[in-house]
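*Asks:* Starting off with a structure, shown below.
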Amino acid sequence: MTLASFRPWRRRPTPPPSTDPSRPSVSDPTRASAGAGPQAVWTTPTGAPHDFTTASREALVEALVAAGPGHRTLCEGWQTEHLAAHIHLRETSALAAGLALKPWSGPLERRTRELGDASTGSRQYQQLVDRVARGTAGSERVVTRLRAAAPVRRAAQAANLLEFFVHTEDVRRAQDRWAPRRLSDDYADVLWEELSRRARLLYRTAPTGVRLVRTPRTGRAMEGTATVVARPGEPQVTITGPTGELIMHAFGRRDHALVLVDPPGSALEG
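For the sequence shown, the numbering used here gives the first residue as 334, with consecutive numbering after it.
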């Protein structure tokens with residue numbers, strides 16, 4: 334299903350700009366560009382990591398809105414409604430333990446499939462995407478109250494930063510024609526910082542040593558470390574690319590990550 338053929342879906346009106354300078358404005362013109370093509374630009378004001386997480390959620394919601402229900406994603410077997418169900422359940426359901434505990438993975442997968450299958454209509458899909466937009470707000474579930482504790486909340490915000498970025502691209506890059514979003518420097522820096530923290534976990538099963546090398550945007554002098562050893566060992570494979578592409582590779586979207594893998598022919602190549 335293409336956006337052009339999906340007329341019953343109605344985009345929610347854009348809220349007015351935020352008057353709080355610490356928060357990204359959802360009226361930023363980039364909000365509508367999450368599902369766009371080569372000219373898509375992603376910019377956010379400088380702020381704390383949780384501000385970028387909020388903005389990343391908004392970009393994901395925009396991508397889901399632009400695609401509508403029934404749109405394929407990079408997550409095998411999932412259409413947009415199943416991806417939205419996954420995001421909602423991982424934040425609000427006790428079944429989210431299935432993401433880490435194998436005995437719970439079956440019930441989580443079944444519930445994700447059921448909720449997605451029940452959300453193929455335009456009204457049901459809109460309701461589900463609205464839940465994704467709200468996150469844990471308004472939920473009285475025990476799991477939500479636990480997530481509200483400061484240490485848990487900070488960990489969830491950090492995890493969501495990358496999760497929302499990847500799932501936005503899962504929607505965008507499943508299209509026949511796509512191009513990477515141009516990330517603002519401050520947003521790319523925050524993403525790189527979080528990827529650096531999680532790199533060893535993400536590449537823990539790699540068959541070789543792995544080194545990530547971040548390339549700066551043209552004309553920009555990059556601050557901070559541009560190299561991370563994701564997995565020690567020899568032989569070592571070097572993966573080079575912009576921050577967003579390195580994230581996609583690290584999360585297993587190798588066929589849709591625009592990176593350079595050296596040496597060529599490595600098992601880590603897409």
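Where a beta carbon is used, it is the ideal one built from N, C-alpha and C, also for glycine. The structure presented is a predicted model; accordingly, all values stated were derived computationally and were not measured.
#1: Going straight from the alpha carbon of leucine 524 to that of threonine 576, what length do you get?
#2: From the DSSP output, in three-state form, read off arginine 564 for me.
#3: Return the chain-ordered list of same chain residues with a C-beta closer than 7 Å to the C-beta of leucine 407, the five sequence neighbours on each side being excluded.
#4: Give a yes or no on contact between the segment 569–584 and the segment 528–547, applying the rule of three or more CB pairs nearer than 8 Å.
#5: With a 10 Å radius around its C-beta and 16 neighbouring C-beta atoms as the bar for buried, classify threonine 560 as buried or exposed.
#6: Where does threonine 641 sit, in a helix, a strand or coil, going by DSSP?
#7: Could you give the residue range of the alpha helix (DSSP H) that holds aspartate 522?
#8: According to DSSP, isoleucine 420 sits in a beta bridge with which residue or residues?
#9: Tell me, please, which residues DSSP counts as bridged to valine 570.
#10: To the nearest angstrom, how far is the alpha carbon of leucine 422 from that of proline 440?
#11: Could you check how far apart the C-beta atoms of leucine 601 and alanine 532 are, in whole angstroms? I think they sit under 8 Å.
#12: Assign glutamate 447 to buried or exposed, taking buried as 16 or more other Cβ atoms, counted over all protein chains shown, within 10 Å of its Cβ.
#13: If contacts are defined as beta-carbon pairs under 8 Å, then glycine 449 and arginine 390 qualify, I think. What distance do you get, rounded to the angstrom?
#14: Mind reading off the beta-carbon distance from valine 462 to leucine 397? Whole number of angstroms is fine, and I expect it under 8 Å.
#15: How close, in whole Å, do the beta carbons of isoleucine 580 and phenylalanine 498 come, if the pair is a contact with beta carbons under 8 Å?
*Replies:* Taking the definition as stated:
#1: So the two alpha carbons sit approximately 7 Å from each other.
#2: In the structure shown, arginine 564 adopts extended strand secondary structure according to DSSP, grouped into three states.
#3: Excluding positions up to five away in sequence, the list reads Asp503, Arg506, Ala507, Arg586, His589.
#4: Result yes; three or more Cβ-Cβ pairs closer than 8 Å.
#5: Exposed, because fewer than 16 other Cβ atoms sit within 10 Å of the Cβ of threonine 560.
#6: Since the first residue shown for the chain is 334 and the last is 603, residue 641 is missing from the structure and cannot be characterised.
#7: Counted as a single uninterrupted DSSP element, the alpha helix (DSSP H) harbouring aspartate 522 occupies residues 518–535.
#8: Partner(s): none; isoleucine 420 has no beta bridge.
#9: Paired residues: Val543.
#10: About 11 Å.
#11: About 13 Å; that fails the 8 Å criterion.
#12: Residue burial is scored here from C-beta neighbours: glutamate 447 has fewer than 16 other C-beta atoms within 10 angstroms and is therefore classed as exposed.
#13: The C-beta distance from glycine 449 to arginine 390 rounds to 19 Å, too long to fall under 8 Å, and the pair is not in contact.
#14: A Cβ-Cβ distance of about 5 Å is found for the pair valine 462 and leucine 397, placing them in contact under the 8 Å criterion.
#15: Isoleucine 580 to phenylalanine 498, Cβ: 6 Å. Contact.
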